[in-house]
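Here the working numbering is used: the first residue of the sequence shown is 165, the next is one more, and so on.
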Amino acid sequence: MTLPDNHRIDEEKYRSLLKYIRLNVTEKYDFPQEIVQIDGVTVATLGNFSASTGKPKSKKTFNVSAIVASALSGKEVLKYKADLPSCKNRVLYIDTEQSKCHCHKVLQRILTLAGMPIDQETDRIEFFVLREYTPDQRRDIIRWALHEEKNIGLVIIDGIRDLIHDINSPSESLDIINELMRWSSYYELHIHTVLHLNKGDDNTRGHIGTELNNKAETILQISKNTEDGRISEVRAMHIRDREFTPFAFEIGDDSLPHLVENHQFKMNKRERLSSYTDMTEQQHRMALEVAFGNSDITGYQCLLDALKKGYDSIGYSRGRNTLVNLCKFLFQHDAIRKTGSGYIYNEQFHI
Numbered sequence: 165m166t167l168p169d170n171h172r173i174d175e176e177k178y179r180s181l182l183k184y185i186r187l188n189v190t191e192k193y194d195f196p197q198e199i200v201q202i203d204g205v206t207v208a209t210l211g212n213f214s215a216s217t218g219k220p221k222s223k224k225t226f227n228v229s230a231i232v233a234s235a236l237s238g239k240e241v242l243k244y245k246a247d248l249p250s251c252k253n254r255v256l257y258i259d260t261e262q263s264k265c266h267c268h269k270v271l272q273r274i275l276t277l278a279g280m281p282i283d284q285e286t287d288r289i290e291f292f293v294l295r296e297y298t299p300d301q302r303r304d305i306i307r308w309a310l311h312e313e314k315n316i317g318l319v320i321i322d323g324i325r326d327l328i329h330d331i332n333s334p335s336e337s338l339d340i341i342n343e344l345m346r347w348s349s350y351y352e353l354h355i356h357t358v359l360h361l362n363k364g365d366d367n368t369r370g371h372i373g374t375e376l377n378n379k380a381e382t383i384l385q386i387s388k389n390t391e392d393g394r395i396s397e398v399r400a401m402h403i404r405d406r407e408f409t410p411f412a413f414e415i416g417d418d419s420l421p422h423l424v425e426n427h428q429f430k431m432n433k434r435e436r437l438s439s440y441t442d443m444t445e446q447q448h449r450m451a452l453e454v455a456f457g458n459s460d461i462t463g464y465q466c467l468l469d470a471l472k473k474g475y476d477s478i479g480y481s482r483g484r485n486t487l488v489n490l491c492k493f494l495f496q497h498d499a500i501r502k503t504g505s506g507y508i509y510n511e512q513f514h515i
């Protein structure tokens, strides 16, 4: 029996697809290249996507500007250190919300932070303003740009909500997340998106936020300091690598973001957990850095006293029995080590 021509074409198509998606135990597969780090912690790799999230006026775009500036210059900007491969050293920046006037300020800010001239064009960054288009048109433009533009290593989409009609639609949200995964994988680049948090809580908005939480490599949360609204704090809301130490920045007289040195972070109610076993690795790090300071501790009681001080600082105040069990927990996870003269803090621990 002879197969019809169209059937033969489909058969060849799916044979090719199966060959592409099949995993072979005898082959070697390279880990994705790390392109953005914070204090040595990986927050972005090629072939993946991430997000910045925060409430309105939290300075999310300023934070993204620092990431892009580091990608263009290779220098550390705020706490971001980006390293794009030479064959993928260009940035595609998509803005869906602001006018050309406001986007022009963002572009100038990025180039200034990167140490690049603002009085001449550069092919290192393509900046597209999509405010006047529909969600479907915006997605089509991005698809075409990814197809046409060469050597792109980093894509910024500010903001992703404007690529769909209904932020609470499960099907639309899943579709756009699948697009991000496909684009980042197929073109071997990293996509960083921006999404608002709900006004009433610290949850990412709508179904699209839920899908981002489930699939993104890293989600950075940018929030205003509760005591000084001029300062914005950056934390890892979700990260596949170990968590980095939070940092803060403020906008200077030059309208550029500047790192706030020795900023004191306070834990919000959501982060004050009832059990040390439920704490994030970063919460333990913050407490242990306060407990040990820059010195080792001599004597078990001194250790308990130091742990009480450290965990009090993040809102976890407990009595001696809990501190004894906490101490055992930290020993089990190699966060604290006993030496001949006392106890030391092991910064390389993981929970």
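Backbone N, C-alpha and C define an ideal beta-carbon position, used for all residues, glycine too.
Hey, quick one: how far does the beta strand (DSSP E) through residue i stretch, first residue to last?
i    : result
I199 : 198-202
T276 : Element bounds for T276: not the beta strand (DSSP E) but the alpha helix (DSSP H), 264-277.
G218 : 213-218
Y297 : Note, Y297: premise wrong, no beta strand (DSSP E); not H, not E.
E407 : Note, E407: premise wrong, no beta strand (DSSP E); not H, not E.
L359 : 354-360
Y509 : 507-509
I500 : 500-502
I340 : That residue, I340, is in no beta strand (DSSP E); its alpha helix (DSSP H) goes 334-350.
D259 : 254-259
L318 : 316-322
Y244 : 244-246
T206 : 205-209
Determine the burial state of residue i: buried for a count of at least 16 other Cβ atoms within 10 Å of its Cβ, exposed for fewer.
i    : result
K192 : exposed
L167 : In this predicted model, L167 has a pLDDT of only 47, less than 50, meaning its place in the structure is not dependable; the value taken from the coordinates is given anyway. Answer is exposed; the Cβ neighbour count stays below 16.
L361 : buried
Y507 : buried
N489 : exposed
I500 : buried
Q518 : Since the first residue shown for the chain is 165 and the last is 515, residue 518 is missing from the structure and cannot be characterised.
K433 : Because K433 carries a pLDDT of 49, less than 50, the predicted location of this residue cannot be relied on, and no value is offered for it.
F195 : exposed
Y351 : buried
C267 : buried
Y184 : exposed
N510 : exposed
K177 : exposed
Y464 : exposed
What three-state label does DSSP hand residue i in the structure shown?
i    : result
I395 : strand
M443 : coil
L187 : coil
I306 : helix
F495 : helix
A380 : coil
F413 : strand
K177 : helix
F292 : strand
L167 : In this prediction, L167 has a pLDDT of 47, which is less than 50 and means its spatial position is unreliable; nothing more can be read from the coordinates.
V424 : coil
K433 : The pLDDT assigned to K433 is 49, lower than 50, so where the model puts this residue is not dependable; a value taken from the coordinates is nonetheless given after this. Helix at K433.
H371 : helix
L452 : helix
E240 : strand
T486 : helix
S387 : strand
H311 : helix
Can you tell me the Cβ-Cβ gap for residue i and residue j, rounded? I've got them flagged as a contact below 8 Å.
i    : j    : result
F213 : E407 : So it is not a contact: roughly 19 Å between Cβ atoms.
S234 : K252 : The pair is not a contact, with the Cβ atoms about 15 Å apart (cut-off 8 Å).
K126 : D203 : There is simply no residue 126 to check, as the chain begins at 165 and stops at 515 in what is shown.
L384 : S237 : Rounded, the Cβ-Cβ distance is 20 Å, inconsistent with contact.
F226 : P410 : Not a contact, Cβ separation roughly 16 Å.
Q201 : L210 : About 13 Å separates the two Cβ atoms, so there is no contact after all.
L359 : L376 : 6 Å
V228 : I328 : Incorrect: roughly 20 Å between the Cβ atoms, too far for contact.
G393 : N332 : Going by Cβ atoms, the distance from G393 to N332 rounds to 30 Å, so no, they are not a contact pair.
H356 : A208 : 7 Å
Name the two residues that bound the continuous alpha helix (DSSP H) containing residue i.
i    : result
T517 : Residue 517 is absent from the structure shown; the chain starts at 165 and stops at 515.
D469 : 464-476
I328 : Where I328 is concerned, there is no enclosing alpha helix (DSSP H), given that its DSSP letter is neither H nor E.
Inset, instruction - Count the C-beta pairs between the segment 414-429 and the segment 385-397 that are closer than 8 Å, then say yes if the count reaches three, no if not. - result: yes
Legend entry - Sufficient close CB pairs (3 or more, under 8 Å) joining the segment 282-296 to the segment 259-266: yes
Legend entry - the segment 452-469 in contact with the segment 304-321 per 3-pair CB rule at 8 Å: no
Legend entry - Cβ contact (3+ pairs, closer than 8 Å) linking the segment 269-279 and the segment 294-308: no
Inset, instruction - For the segment 443-454 and the segment 473-483, state whether three or more C-beta atom pairs, one from each stretch, are separated by less than 8 Å. - result: yes
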